[in-house]
Structure formats: structure tokens, C-alpha cells
Amino acid sequence: MGRVLLVTRLAVRDLRRRPTEALLLLIAILAATTTLTLGLVLRDAAGDPFESTRAATQGPDVVAKAAGVSELSRLERLATASGVTGHSGPFPVTSGKIQASGRTSDVQVVGRDTADAAVDRPKVTKGGWVTAGGAVLEAAFAHALDVGVGDSVTIGGKPFEVVGLAVTAASPPYPATLCLVPAGCVHGAVPEDRNLPAGLLHNPGLAWLTQPDVQSLATGRNALSHVMNLKLSDPADAQAFVERNGGDAFLQSWQGIRSDATELAKDSQILLLIGAWLLGLLAVAGLSVLVGGRMADQTRRVGLLKAVGGTPGLVAAVLLAEYLLVAVVAATGGLAIGALAAPLLTGSSAGLVGGVGTASPTWSTALVVTGVALGVAVAATTVPAVRAARSSTVSALADAARPPRRTGWLISLSRRLPVPLMLALRVAARRPRRVVLGVVGIAVTVSGMYILLVLDTFLGSQTGTGVYTADQVETLRHVLMVWTVVLLALAAVNTIVITWATVLDNRRASALARALGATPQEVTVALAIAQVLPALVGAVLGVFPCGRLLFAGINAITGADGGDAVLPAPWQLIGLTAATVVAVALLTAIPARLGGRRPVTEVL
Amino acid sequence: MSEAVGAPVLSARGVRKEYGEGDGLVRAVDSVDLQVGAGETVAIMGPSGCGKSTLLHLLGGLDRPSGGEVVLNGRRIDDISEKALARVRRTDVGHVFQSFHLMEELTAVENVELSALLAGRAPRAARRRAEELLERLGLAGRSGFLPSALSGGQRQRVAVARALCNEPLVVLADEPTGNLDSAAALDVLRLFRDLRESGQTLVIVTHDARIAATADRMFSMRDGSLVDETRLTGGTAGRLGALAGLED
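Those protein sequence lines, which keep their order, are chains A and B. Under the numbering used here, the residues of the first sequence are numbered 1 to 604, in order. Under the numbering used here, the residues of the second sequence are numbered 1001 to 1248, in order.
So, in C-alpha cells, the structure goes:
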């Protein structure tokens, strides 16, 4: 017990001794764990709402459709086919125009009984189920039409009252609604100058009426077709069943419906995963600087612990305890923030049960995130602990700061420059690896912003084209916004971490420069310029070639050709570069000022 | 307490430096009066923690006193702006530290020229001056070496060269032999003797009686105050100089 108390006390004391660095370490790991949580939650969220909907609605394993009365016998044969354990229907289907709230859209109308069916019982989320003269609209379709319970709509020229809204697993939510009519449907954008063939439905929604109401809407052109929902003994066999019994033209498996239902969530996920990779790179850059700096700083502390009788085991335990404290807090915080932010990105599932607000971390997500945080803690402990075990107490106690690198050409070049620039180049030249990490960090951020500009322009051009509804565009914009916020936040943390590490590392050199006559302003400006110059290089590299390469990479991953994409204009790229430099200058101002004004006699 | 031999270049009047407050108040320097004349060498001796280094920092504008006045070349420096104080450190004062404080990534000549570059000298002129000084201090062959490749005595000579680079009115040396072995210490002693003979004003804080013996006047410091003054007529030519082994 006494040993645990001692280890805990020593770990807490060390964290309190350097509160700023402890806080920065916490923020850097927190940003990494939050990003990871978001990526993993989104991966799960893409599938979960559909599964919930399927369970809540007795969702079919296969949906079968027949073009006319003549094909009804085919549906009847399917109902008794091998592997089928239950069915509902055949239900009559027709199509037409729905007019509501001043909007007009194509719609497919399914005739249902007022009683529950054995398979596919659409779950009413508002109002009630179909009545004579009362229509139930698929929830995402109603949302797009801005129609609610009690509103009046016209379907095929006949008035109906909306008596309910419902979700189903027998069709993907609007606008990816399963096509049930023989004339066919087209989803997505249609150029304005192109006329669709007669009868072909464009982005049709789904509505349910009583069977007599559907039959009353059927006319010559919009003759009745039929749909039947099947349950199989082995749902996993659904796709094979489809292939054995007529193929995709007549049958749709639940896996196919799920794929279409979660398509937008997949788009969101691709966006987020790209962001997660970029953020991961940034987190690694920031953590390398921070943990590397702390490792160097801890060598002398290891010597002190050994000098007062601490064994290498105790030293390792203290260091591990210290990082574990930070890692556990960061993992918990990352999971909480990620879980809270994820629902912002899952609005695409509005047509499914619990599609909004239910994305939450699973145990496996929690384990992965905690594992990563603990991995950082163990990695940060291992090097000083091994060093402690190997080095003698005397040499550890005498450990000086890591000697700076000599970059001769840069020192020579700097002699010809004004004092702040001369000092800045020399500050940068002392730690070239840190400069590289700074350049990489900014290049990653700027290339991410480049992609965001491309995607934002792309989404702006999609509103009203049919590829995405306005709501979906809004959802994808949410994803971009969250990506932007997290990316910028992590880049800001990195910049502050690197500046602070530079300030600490240059304490002696800065104090010496001041003792030799440099003014506090000159030292402050030098420390800031030492960050701004790599930021400028990183911003330029981030635009070209990194931004272009990342764009090409995304196209390769998603299979898009990218030819229609509008790349950022030169003024946008210049603005992005300038904004990056200004932001870095502002972020480094306070740490640099603190470093430039530290009393000389305190350091020398 | 003291009167300078020539016109005073540097003087302190009632200088105090306090840390903390209330019961925890510590007077590191307590009402020190001191005048250092042009071309004079003054040594300040005393036990560890008596306030010698703090006093030197106050005299050289590295720190500000809590009270009293510090006057350098007829101008008060205790109440001027940070920028003006930096200018004073750049042109009027040269510092030599116990642990040398050389930039490890710079060669000897780059270390020496740094103070000239900070003072705004042209790179070529700064380099020429640095090379001259290194030659004068016997380090011409070592100008391209990094500090890690130099002995302790050589490093301290580089530090002295750096302190002299801008031709300061006064050089302030804090335990210049504190980190050196006997041979290197003797080397530095000779260097300070030469500086004194060349007319350079020097204030040296030291534990080392031999280096104090090179001075014109020696002060003893205890608990932040100067308690005793000894005038060493002839400096190194006197008896203490012989004891220090500096006479040929």
C-alpha cells in the first residue's frame, strides 16, 4: 500500500510541477482519442439504425415485386419456395404524383391492410396507421416534403389526409426508396435539358394507403403491380435466394436494402475516416514532440529517484503511473466527446428507427480508444525506464539537455540577417526534426483544408440536383464542419505544443542572447518566427503537392474520377496560406512572449 | 563604501535586492555602495550564497534592484526600459560566466562574433573582430572548433573573447575559474592579468584568492553586504600575485 501511495504521490507531484506540459499532453492525447472515437462510432452508426429498424418492423429478408396481375402466380410460387418461412402480401402498388406544401414529387403507393402484417410492419413514428382516405408517409420522404400528421396531400389527383409517418426496413429511406413499379425509377441528378421516358419515376418517395384506395388510384398508365415480403429460414442466405429465384430485377435482399439505406452514412464515414487519418498524423506529430521533450527532461529526474534509493522498477512505475493518469483521463474524455459529437454526423439515417442521436461507443470502440491512449503512455514510459535501468545514477544526475544540432549553412546564412531573423533561423537549426514535424503538421492541416474547400464547393453545387437532398447536403456539411473544427483544434494544439517545446528548449539560448544584448522583443519575435517560417513552408506544401495528392488519393479510394470537382481558386489558396501563417503567428505569440521575457538570471 | 581610483565607470548606491515578502523576505543584496573606476580591477569575495552573483547581475543590468541606484558611465541603468537595458548589455558591459554559457552548436569564432552581430555590426567586421580576439587570446587555431572540442580553459577564453567583442566599458566575471582545473585556472588568471594591464575595467566575483589577487581592490561580502575592502597596490605585481604564481 505504501509503495502504491509513494508511486501515486510522485507521479502527481511531477504532473503538478509542469502543469502546462501536462495539460498539453492531455489535450494532444484527448484530440487523438476523440478523433478515433468519432471514426469508430461512425463506422458502427452506418449499420446500426437499419438493424434496429429491421428488428422493430419484422423487416423482410427479401422483397419481391411483380409487374402485373399476370405475374402474381410467380409471387405465389415464391411464397412456398424452399427456405421461405413466412410472407406478407402480395400488396398492390401504384405510382403517381404527390402534391404537398406546394411541392410535387413522384411517389409509389403501397396498399396495405389496416391490421398488422406478419412480415414488414412499418413502425409508426407519428400518428397512426392507414385508414380509408388516410395516408401514411415514409418518415424521410415526409421530412423532405415538409409534411406532418394532419396535413392534406394530393396523390394521383385525389386528396388524402396524412394520418401517420412510419419507417420501414423493406425499402431504403427517401431518396434511395426501393423501386417497386415496372416502369422503373431513376435516382440522383437528371440534367434539366433531358426529358425522362414516360412513366419513369424520378426520386420517388413511398406512401401507404388502404388497398381499396390504391386500387382507386390505378389507371391505365399507372396500372397495379404487386409487392410481397418474404422471411427466410436463413436470413444470411437472402442474396443467394435472390439469385436462385429470378435475380435483382424482381427480388431485393435485405443486404441490398441495407447497403442503399446506409449509403449516405457511408459517404459521411469516408469523409470522417479521411479526416481521421489526417488527424492521426497530426496527433502523432504533436505527441512525438511532447513525449520526446518529456523523455529528455525526465532523465535527470530518473537520476534523482535512483540517487534516493529508487530501483529501476520504481522509476518505471512512477513514469508509467504519471502517463497512465493522463491517458485514462484523455481516453475517458475522448470517448465522451466523440460520443456526443457523433450524432451530429448521423442525421442521414432520418428514415430509420432511432437514426438520430443513437450513435454511441460500443465496448470494442472503448477498448480500442483506451488501448491507443495506454499505448502512448507505455511508449512514453519505456524509453526513460530502459534508460534508467541501463544508466548509472551519476550520469543520469549529470544529464544535460539534449545537445542541439549544428546546421552550418543555416548558421552561416543567418549571420547576414537582422537580429530577430538570425536568432529565429538558429532556433530552428537547433532542432531540425522538430521543424520537420512542424512543417508536416501544417502541411497535413492545410491539405485537409484544401480538401474541405473542394468538398464544400462540391456540396454547394449539389443542392437541388437530386444526388443529395437539401437535408443530406446539410448532414454532409455537418461532417465537414466537425472535421474542420477537430482538424483546426488539433493543429492549434500542435502549434502551441511545438512552440512551447521550442521555448523550453531555448530557455538558455534565449537568456544568453539577452545577456549579450538582444532585447526581449527581438527574442520574442525570433521564437515566433521560428514557428511561422516552417508554417509558411508547410502551408505552401499543403496546397501543392499535398492537397492535390490527397485529392487524388480520395478519388482513388472512393472510385470517383474527380473530373467535375471544382478545385480551389488561386485567391482561395493564397488566402488559405496567409490565414495559416497569421493563425500560427497568433497562436505562438503568447508562448513566445513568455519565453522572450523570462528573467535572464532565473535561467543562467 | 568605496571610492574609485579614477573617474567612476560603474557605481552602486544603496543597492538592494529582495526576494519574497513578510516573514519570508530574503535580502540577497543589502545596501551596497560601490564605485569602480576606469581601468580598475575589483574583486568581490565571499562564501557561497552571500549575494556576490546577484550583485554582479544588478551591476550588469541582467536584473533590476529592489532599491538604490546603479550608474554606468554616468547614466542610471536601474530604471531604464528593457530595450535600453539590452542596449547597455550589448555595448557597455561584457559578461563572463562560471559555466561559460557558450552556444554548443556554434564554433568558437561564431560564439565570439555573436555579440557583435547582436550589436548590429556587419557580418564581415564581426568575424574580423572575433578572429582578432581569438588570436590575441591564443585560440587562433581553434576558431573553427565547437565548444565540446575545447578544454575548459579554452572555453573560458572564448567566453572572455565574446565579452570583449564589443569593447565594453566594463567586463563582469562571475567565478571565471570556478569550473576549471588548476592548470586551466592559471591560464585564465594570466588572461585577466593581461586584461587589467591593457586597461580594461573588470569586476570579478570569485572564491579564488589567486584571482582576487590580480585586482586593485578586493571586497569581502557577507549576507548581502560588502563588509571589508582591501587595496592591493600593484595588483599582480604585489605579494599576492607572487603567491598566485603569476610572476615570471
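Glycine is no exception: its CB is placed at the ideal position from the N, C-alpha and C atoms.
For this session: Please confirm if B/Leu1150 has its CB atom under 8 Å from at least one CB of chain A.
Result: Working through the second sequence from its first residue, we reach residue 1150 of chain B at position 150. Chain A, which has no Cβ nearer than 8 Å to the Cβ of B/Leu1150, makes this no.
Exercise. With burial defined as no fewer than 16 other Cβ atoms inside 10 Å of the residue's Cβ, what is the status of A/Trp129: buried or exposed?
Worked result: Along the first sequence, one-based indexing puts residue 129 of chain A at 129. With 16 or more Cβ atoms within 10 Å of its Cβ, A/Trp129 is classed as buried.
Exercise. For A/Ala327 versus A/Ala379, is the C-beta spacing smaller than 8 Å?
Worked result: Taking the first residue of the first sequence as position 1, residue 327 of chain A is located at position 327. Taking the first residue of the first sequence as position 1, residue 379 of chain A is located at position 379. In this structure, the beta-carbon distance from A/Ala327 to A/Ala379 does not fall below 8 Å.
Problem set entry | Under the three-state DSSP convention, the category A/Val356 falls into | Your numbering for residue 356 of chain A matches position 356 in the first sequence. Since pLDDT at A/Val356 reaches only 36, below the 50 mark, its modelled position is unreliable, and the value read off the structure follows with that caveat. Coil, per DSSP.
Exercise. In chain order, what residues of the same chain lie with their CB nearer than 7 Å to the CB of A/Asp120, ignoring the 5 residues before and after it?
Worked result: Residue 120 of chain A sits at position 120 when you count from the first residue of the first sequence. Result list for A/Asp120: Thr57, Gln58, Gly59, Pro60, Ser88, Thr168, Ala170, Asn229, in chain order.
Exercise. Got a sec: is the Cβ-Cβ distance from A/Gly303 to anything in chain B below 8 Å?
Worked result: As a first step, residue 303 of chain A is located in the first sequence; it is residue number 303 there, counting from the start. Under the Cβ distance rule, A/Gly303 does not count among the residues neighbouring chain B, no pair being separated by less than 8 Å.
Exercise. Looking only at C-alpha atoms, which of A/Gly127, A/Ala28, A/Ala317, A/Leu282 sits nearest to A/Val386?
Worked result: Translated into positions along the first sequence, residue 386 of chain A becomes position 386. The residue with the shortest Cα to Cα distance from A/Val386 is A/Ala317.
Exercise. Residues of chain B with CB under 7 Å from A/Ala518, in chain order?
Worked result: Position 518 of the first sequence holds residue 518 of chain A. Near A/Ala518 (Cβ distances below 7 Å), the residues of chain B are Ala1086, Leu1118.
Problem set entry | Any chain A beta carbon closer than 8 Å to B/Leu1110 | Position 110 of the second sequence, counted from the start, is the residue given in the question as residue 1110 of chain B. The displayed chain sequence assigns Glu, not Leu, to residue 1110 of chain B. It does; some Cβ of chain A falls within 8 Å.
For this session: List the residues of chain A that B/Asp1063 touches, going by C-beta distances under 8 Å, in chain order.
Result: In the second sequence, counting from the first residue as 1, residue 1063 of chain B sits at position 63. Close partners of B/Asp1063 in chain A (Cβ separation under 8 Å): Pro599, Val600, Thr601.
Exercise. Along the segment 1171-1204 of chain B, what residues have a CB closer than 7 Å to any CB found in chain A?
Worked result: So nothing in the stretch comes that close.
Exercise. In chain order, what residues of the same chain lie with their CB nearer than 8 Å to the CB of B/Thr1107, ignoring the 5 residues before and after it?
Worked result: Reading the second sequence from its first residue, position 107 is the one you call residue 1107 of chain B. Hits under 8 Å: Ser1143, Gly1144, Phe1145, Leu1146.
Exercise. Of all the alpha helix (DSSP H) runs that stay within the bounds of the segment 148-185 of chain A, which reach a length of 4 or more residues?
Worked result: Scanning the segment 148-185 of chain A for uninterrupted alpha helix (DSSP H) segments of 4 residues or longer gives nothing; none is fully contained.
Exercise. Looking at C-beta atoms only, is the number of pairs between the segment 1066-1078 of chain B and the segment 1011-1030 of chain B that lie closer than 8 Å three or more?
Worked result: The segment 1066-1078 of chain B, when compared against the segment 1011-1030 of chain B, does touch it at the 8 Å Cβ threshold.
For this session: Output, in chain order, the set of chain A residues within a Cβ distance shorter than 8 Å of B/Pro1123.
Result: Position 123 of the second sequence, counted from the first residue, corresponds to residue 1123 of chain B. Those are Arg415, Arg416, listed as they occur along chain A.
Exercise. When the cut-off is 8 Å and only beta carbons count, does A/Arg13 lie next to chain B?
Worked result: Along the first sequence, read from residue 1 onward, the residue named residue 13 of chain A stands at position 13. When Cβ-Cβ separations below 8 Å define contact, A/Arg13 makes no contact with chain B.
Problem set entry | Where A/Gly517 falls, given that 16 or more other Cβ within 10 Å makes a residue buried | Along the first sequence, one-based indexing puts residue 517 of chain A at 517. So A/Gly517 ends up on the buried side.
Exercise. What's the gap between the Cα of B/Met1221 and the Cα of A/Ala32?
Worked result: Residue mapping note: residue 1221 of chain B aligns to position 221 of the second sequence, counting from 1. Residue mapping note: residue 32 of chain A aligns to position 32 of the first sequence, counting from 1. Looking at the two C-alpha atoms, the distance is approximately 57 Å.
Exercise. What residues in its chain sit with their C-beta under 6 Å from that of A/Gly606, if we drop five residues either side in the sequence?
Worked result: Since the first residue of chain A shown is 1 and the last is 604, residue 606 of chain A is not available in this structure.
Exercise. Shorter than 8 Å from the beta carbon of A/Arg514 to some beta carbon of chain B?
Worked result: Here residue 514 of chain A corresponds to residue number 514 of the first sequence, with the count starting at 1. Yes - at least one Cβ of chain B is within 8 Å of the one on A/Arg514.
Exercise. Mind pulling the chain B residues with CB within less than 8 Å of A/Val436?
Worked result: As a working note, residue 436 of chain A is residue 436 in the first sequence. Simply none; closest approach about 17 Å.
For this session: Look at B/Thr1054 and B/Ala1215 and say whether their C-beta atoms are less than 8 Å apart.
Result: Against the second sequence, residue 1054 of chain B aligns to sequence position 54. Against the second sequence, residue 1215 of chain B aligns to sequence position 215. Here B/Thr1054 is not near B/Ala1215, since their CB atoms are 8 Å or more apart.
Exercise. Should B/Val1009 go down as buried or exposed, given a rule of 16 or more other Cβ atoms within 10 Å for buried?
Worked result: Sequence index remark: in the second sequence, residue 1009 of chain B carries index 9 (1-based). Under this definition B/Val1009 is a buried residue.
Exercise. Which value, in whole angstroms, describes the spacing of the CA atoms of B/Ala1067 and B/Gly1051?
Worked result: The residue you call residue 1067 of chain B lines up with position 67 of the second sequence. The residue you call residue 1051 of chain B lines up with position 51 of the second sequence. Sequence check: residue 1067 of chain B is Gly here, not Ala. The alpha-carbon of B/Gly1067 is positioned some 15 Å away from that of B/Gly1051.
Exercise. If we call anything under 8 Å between Cβ atoms a contact, is B/Arg1210 one with B/Glu1229?
Worked result: Numbered from its first residue, the second sequence carries residue 1210 of chain B at position 210. Numbered from its first residue, the second sequence carries residue 1229 of chain B at position 229. No; because the gap between Cβ atoms is not below 8 Å, this pair is not in contact.
Exercise. What's the call for B/Lys1083, buried or exposed, on a 16-neighbour Cβ count within 10 Å?
Worked result: Residue 1083 of chain B sits at position 83 when you count from the first residue of the second sequence. The C-beta of B/Lys1083 has fewer than 16 other C-beta atoms within 10 Å across all chains shown, which makes the residue exposed.
For this session: With a cut-off of 8 Å on the beta carbons, I'd call A/Gly83 and A/Asp237 a contact; round off their distance for me.
Result: Reading the first sequence from its first residue, position 83 is the one you call residue 83 of chain A. Reading the first sequence from its first residue, position 237 is the one you call residue 237 of chain A. Contact flag correct, Cβ pair sits at about 6 Å.
Exercise. If you run the structure through DSSP and keep just helix, strand and coil, what is A/Trp608?
Worked result: The shown model of chain A, from 1 to 604, leaves out residue 608 of chain A, and the question about it has no answer.
Exercise. Per DSSP, what kind of secondary structure is B/Met1045 in: helix, strand or coil?
Worked result: Stepping through the second sequence from its first residue, residue 1045 of chain B is reached at position 45. In the three-state reduction of the DSSP assignment, B/Met1045 falls in the strand class, which pools E and B.
For this session: Output the boundary residues of the beta strand (DSSP E) element that contains B/Val1203.
Result: Indexing the second sequence from 1 puts residue 1203 of chain B at position 203. Run containing B/Val1203: 1201-1206, per the beta strand (DSSP E) assignment.
Exercise. So is A/Pro432 in contact with chain B if we call contact Cβ pairs under 8 Å?
Worked result: Indexing the first sequence from 1 puts residue 432 of chain A at position 432. Output row for A/Pro432: interface = no.
For this session: Can you have a look at A/Leu586 and say buried or exposed, based on whether 16 or more other CB atoms are within 10 angstroms of its CB?
Result: As a working mapping, residue 586 of chain A is identified with position 586 in the first sequence. Exposed.
For this session: Go ahead and pull the three-state DSSP assignment for A/Gly303.
Result: Taking the first sequence and counting its residues from 1, one reaches residue 303 of chain A at position 303. Note: A/Gly303 maps to helix in three-state DSSP.
Problem set entry | For A/Trp129, the three-state DSSP class (helix, strand or coil) | Counting from 1 along the first sequence, the entry for residue 129 of chain A is found at position 129. Here A/Trp129 sits in coil by DSSP.
Exercise. Are the beta-carbon atoms belonging to B/Gly1152 and B/Asn1179 less than 8 Å from one another?
Worked result: Here residue 1152 of chain B is taken as the residue at index 152 of the second sequence, counted from 1. Here residue 1179 of chain B is taken as the residue at index 179 of the second sequence, counted from 1. Yes, the Cβ-Cβ distance between B/Gly1152 and B/Asn1179 is below 8 Å.
Exercise. Does the beta carbon of A/Leu604 come closer than 8 Å to any beta carbon on chain B?
Worked result: As a position in the first sequence, residue 604 of chain A is number 604, starting the count at 1. Taking a beta-carbon distance threshold of 8 Å, A/Leu604 counts as an interface residue toward chain B.
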